[in-house]
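Note that the protein sequences, when read in sequence, are chains A and B.
Count along the first sequence from 1, then add 906; that gives the number in the working numbering.
Count along the second sequence from 1, then add 480; that gives the number in the working numbering.
Single-structure report; data block below.
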Amino acid sequence: MTKADLVENVYLKTGFSKKESAEIVEMVFDIMKNTLEGGDKIKIAGFGNFVVKDKATRRGRNPQTGEEIEISSRRILTFKPSQVLKASLNDSEG
Amino acid sequence: MNKSELVEALAARNGLTYKKSEEIVNIIFDSMSDALTTGGRIEIRGFGSFVVKDYQAYMGRNPKTGEVIKVKPKKLPFFKVGKELREKVNS
Chain A
907 MTKADLVENV
917 YLKTGFSKKE
927 SAEIVEMVFD
937 IMKNTLEGGD
947 KIKIAGFGNF
957 VVKDKATRRG
967 RNPQTGEEIE
977 ISSRRILTFK
987 PSQVLKASLN
997 DSEG
Chain B
481 MNKSELVEAL
491 AARNGLTYKK
501 SEEIVNIIFD
511 SMSDALTTGG
521 RIEIRGFGSF
531 VVKDYQAYMG
541 RNPKTGEVIK
551 VKPKKLPFFK
561 VGKELREKVN
571 S
């Protein structure tokens, strides 16, 4: 599934044109991206939570050379699926 | 931000009613759930991708009691953040 399929679904289930549907889907992801960029989390009941986390500096290794390197502190985005989504994935095959 | 705040933000941006915006947000997340449930992957350019990983049954432990238990095979969704968003979040 890609953004085009989401646009198609919005188009089929609402009265919007394809062009409008495409703009609206784009807006939804824009709003989500801007929210996450600002460090805020997004909680979608029934789907899951997108959470921005701060990771401290740590020591790691280059897995290819074994050389020890410092991994700088960073902000990462994580996704935690909701119980509802996890349950529906595991119900589908009985 | 929760779902109703996302709906409000969408309504504010495109001048739609709350109800119409809610319908759209629901269509998007329902479609995504359905795609994952039927085993598909999702790829949203500029945002990220979702895949479902299959886990075989394994012997695990209850971390509280140390008791050995059998864990059934399961599927779990994973999200991989897209390059653009990963860089924006970290900047």
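Every residue gets a Cβ at the ideal spot worked out from N, C-alpha and C, and that includes glycine.
Source: prediction; values computed, not measured.
For the region 957-977 of chain A, enumerate the residues whose C-beta is nearer than 9 Å to any C-beta of chain B, in chain order.
V958
In the region 930-968 of chain A, which residue ranges form an unbroken beta strand (DSSP E) of at least 3 residues, counting only runs that do not cross its ends?
948-950, 954-961 and 964-967
Beta-carbon separation of N482 of chain B and K949 of chain A under 8 Å?
yes
Per-residue contacts from R541 of chain B into chain A (C-beta, under 7 Å)
Within 7 Å Cβ-Cβ: nothing; R541 of chain B doesn't reach chain A, min ~20 Å.
Whose Cβ in chain A lies nearer than 7 Å to the Cβ of I549 of chain B?
Going along chain A, no residue has its Cβ under 7 Å from I549 of chain B, so there is no contact; the nearest lies around 17 Å.
Going residue by residue through the region 487-529 of chain B, where are the continuous beta strand (DSSP E) segments of at least 3 residues, counting only ones entirely within it?
522-524
Residues of the region 548-567 of chain B with Cβ closer than 8 Å to any Cβ of chain A, in chain order:
K554, K555, L556, P557, F558, F559, V561, L565 and R566
Just the chain D side, please: which residues come within less than 9 Å of T517 of chain B by C-beta, in chain order?
Judged by its chain identifiers, the structure shown contains no chain D, and its protein chains are A and B.
If we define contact as Cβ-Cβ less than 8 Å, is A928 of chain A a contact residue for chain B?
no
Strand pairing of P557 of chain B, partner residues [DSSP]
B:V532
Could you check whether the Cβ of K500 of chain B sits closer than 7 Å to any heavy atom belonging to the ligand GDP?
For the structure depicted, the ligand GDP is absent and the ligand set is empty, with no information on it obtainable.
Where does P557 of chain B land, buried or exposed, given buried means 16+ other C-beta within 10 angstroms?
buried
What in chain A is Cβ-close to E523 of chain B, meaning under 9 Å?
M907, T908 and K909
With 8 Å set as the bound, which would you pick, yes or no: does the beta-carbon of K939 of chain A sit closer than that to a beta-carbon of chain B?
yes
Please work out which residues of its chain come closer than 6 Å, Cβ to Cβ, to V532 of chain B, disregarding the five sequence neighbours upstream and downstream, and give them in chain order.
L516, K555 and P557
Proximity of G526 of chain B and F935 of chain A at Cβ, strictly below 8 Å
yes
I'd like to know if K949 of chain A contacts chain B, where contact means its C-beta is closer than 8 Å to some C-beta of that chain.
yes
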